[in-house]
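Novice:
Residue numbers (the working numbering): 9 to 239.
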């Protein structure tokens with residue numbers, strides 16, 4: 009991409025809807041704030057091979073063939089948004105968010121089976137976290153300190169419980185908290201206070217008419233689909 013050599017004041021670089029299989033820039037881009045490479049054929053995105061990106065704030069890499077998050081993303085000190093939906097990412101280490109400024113992380117529609125956290129208390133400024141349409145069976149949120157989180161979507165996975173999610177994130181928006189289409193345990197619901205369930209609109213799990221035989225009754229007129237088959 010030598011043609012960018014005379015464009016060192018570029019702030020936005022959009023390369024969407026091409027057939028790109030690799031993206032390497034060897035010239036410094038000291039003012040670049042947004043990089044978008046969505047809808048291409050990228051299998052990897054290695055930001056460590058880019059010369060100089062001190063102001064990069066937004067990465068858009070959805071609809072590619074990525075099997076992992078871009079290498080070197082967590083060294084981008086001003087990065088705020090990382091959009092990686094519709095790829096083939098199988099695992100993500102939440103510890104990599106530590107000491108970053110990432111506010112929005114979209115990993116929806118990937119192949120996630122493992123989202124790990126080894127830190128005892130991971131405190132990050134994340135506000136939006138989307139992990140819907142993956143293959144998660146376990147997600148440990150009990151180590152997450154995210155005081156600014158207002159949107160959480162883990163719908164369409166294979167989860168059976170989600171720890172203290174109903175009380176851990178004080179700023180969750182009821183209409184942007186989505187737990188639907190999982191295999192929730194009735195026993196897990198019994199550990200959550202009905203007032204907390206109601207406050208967050210039941211995580212969009214108010215499905216009275218469509219419940220199977222097993223369900224958790226919150227009130228006389230409200231119940232939630234669940235299963236005890238794995239207990």
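Don't be surprised by glycine CBs; every beta carbon is placed ideally from N, CA and C.
These figures come from a predicted structure and were not determined experimentally.
1. Return the chain-ordered list of same chain residues with a C-beta closer than 7 Å to the C-beta of residue 239, the five sequence neighbours on each side being excluded.
2. Whose C-beta lies closer than 6 Å to the C-beta of residue 43 among residues of the same chain, with five residues either side of it excluded?
3. From which residue to which residue does the beta strand (DSSP E) around residue 161 run?
4. Return the CA-CA distance between residue 18 and residue 24, expressed in angstroms with no decimal places.
5. Keeping to the same chain, check which residues put their C-beta closer than 6 Å to that of residue 186; ignore five residues upstream and five downstream.
6. From which residue to which residue does the beta strand (DSSP E) around residue 224 run?
7. At a cut of 8 Å, does the stretch 68-81 reach the stretch 38-54 through at least three beta carbon pairs?
8. For residue 148 and residue 171, which I take to be in contact (beta-carbon distance under 8 Å), what is that distance rounded to the nearest angstrom?
9. Please report the straight-line C-alpha distance between residue 27 and residue 135, rounded to a whole angstrom.
10. Quick one: grab the DSSP three-state call for residue 100.
11. On a Cα-Cα basis, can you pick out the residue from 182, 117, 228 and 232 that is closest to residue 209?
12. Are residue 121 and residue 102 touching if we call contact CB-CB under 7 Å?
13. Nearest-angstrom Cα distance between residue 38 and residue 230?
14. In its own chain, which residues sit with a C-beta less than 7 Å from the C-beta of residue 173, not counting the 5 before and 5 after it?
15. What residue range is occupied by the uninterrupted alpha helix (DSSP H) comprising residue 176?
16. Taking the beta strand (DSSP E) that residue 137 belongs to, which residues open and close that run?
17. Exposed or buried, residue 201, counting other C-beta atoms within 10 Å across all chains shown (16 or more means buried)?
Specialist: Put simply:
1. Reading the chain shown from its first residue, position 231 is the one you call residue 239. Residue placement at residue 239 is poorly supported in this model, since its pLDDT is 43, which falls under 50; the coordinates still yield a value, given next. Within the same chain, residue 239 has close Cβ partners 193 and 195.
2. Position 35 of the chain shown, counted from the first residue, corresponds to residue 43. Excluding sequence neighbours, residue 43 sits near 21 and 67.
3. The residue labelled residue 161 in the question sits at position 153 within the chain shown. Note, residue 161: beta strand (DSSP E), 159-161.
4. Locating residue 18 in the chain shown gives position 10, where the first residue counts as 1. Locating residue 24 in the chain shown gives position 16, where the first residue counts as 1. So the alpha carbons of these two residues sit roughly 16 Å apart.
5. In the chain shown, residue 186 corresponds to position 178, counting from 1. Result list for residue 186: 161, 163 and 212, in chain order.
6. The sequence position of residue 224 within the chain shown is 216, counting from 1. Residue 224: member of the beta strand (DSSP E) spanning 223-227, first to last residue.
7. In this structure the stretch 68-81 lies against the stretch 38-54, because at least three pairs of beta carbons, one per stretch, are closer than 8 Å.
8. Here the question's residue 148 lines up with position 140 in the chain shown. Here the question's residue 171 lines up with position 163 in the chain shown. The Cβ separation is near 7 Å, so the contact holds.
9. Working through the chain shown from its first residue, we reach residue 27 at position 19. Working through the chain shown from its first residue, we reach residue 135 at position 127. Taking the straight line joining both Cα atoms gives about 32 Å.
10. Working through the chain shown from its first residue, we reach residue 100 at position 92. In the structure shown, residue 100 sits in a strand (DSSP, three-state: E or B).
11. To locate residue 209, count along the chain shown from 1; it is residue 201. Of the candidates 182, 117, 228 and 232, 182 places its Cα closest to the Cα of residue 209.
12. As a position in the chain shown, residue 121 is number 113, starting the count at 1. As a position in the chain shown, residue 102 is number 94, starting the count at 1. In terms of Cβ geometry, residue 121 and residue 102 do not form a close pair [threshold 7 Å].
13. Taking the chain shown and counting its residues from 1, one reaches residue 38 at position 30. Taking the chain shown and counting its residues from 1, one reaches residue 230 at position 222. Answer to the nearest angstrom: the Cα atoms are 56 Å apart.
14. Within the chain shown, the letter at position 165 stands for residue 173. In chain order, 149 place their CB closer than 7 Å to the CB of residue 173, counting only its own chain and leaving out the 5 sequence neighbours on each side.
15. Looking up residue 176 in the chain shown gives position 168. Per DSSP, residue 176 belongs to the alpha helix (DSSP H) from 173-176.
16. Here the question's residue 137 lines up with position 129 in the chain shown. 136-138 is the span of the beta strand (DSSP E), which, as asked, contains residue 137.
17. As a first step, residue 201 is located in the chain shown; it is residue number 193 there, counting from the start. By the beta-carbon neighbour count (other beta carbons within 10 angstroms, threshold 16), residue 201 is exposed.
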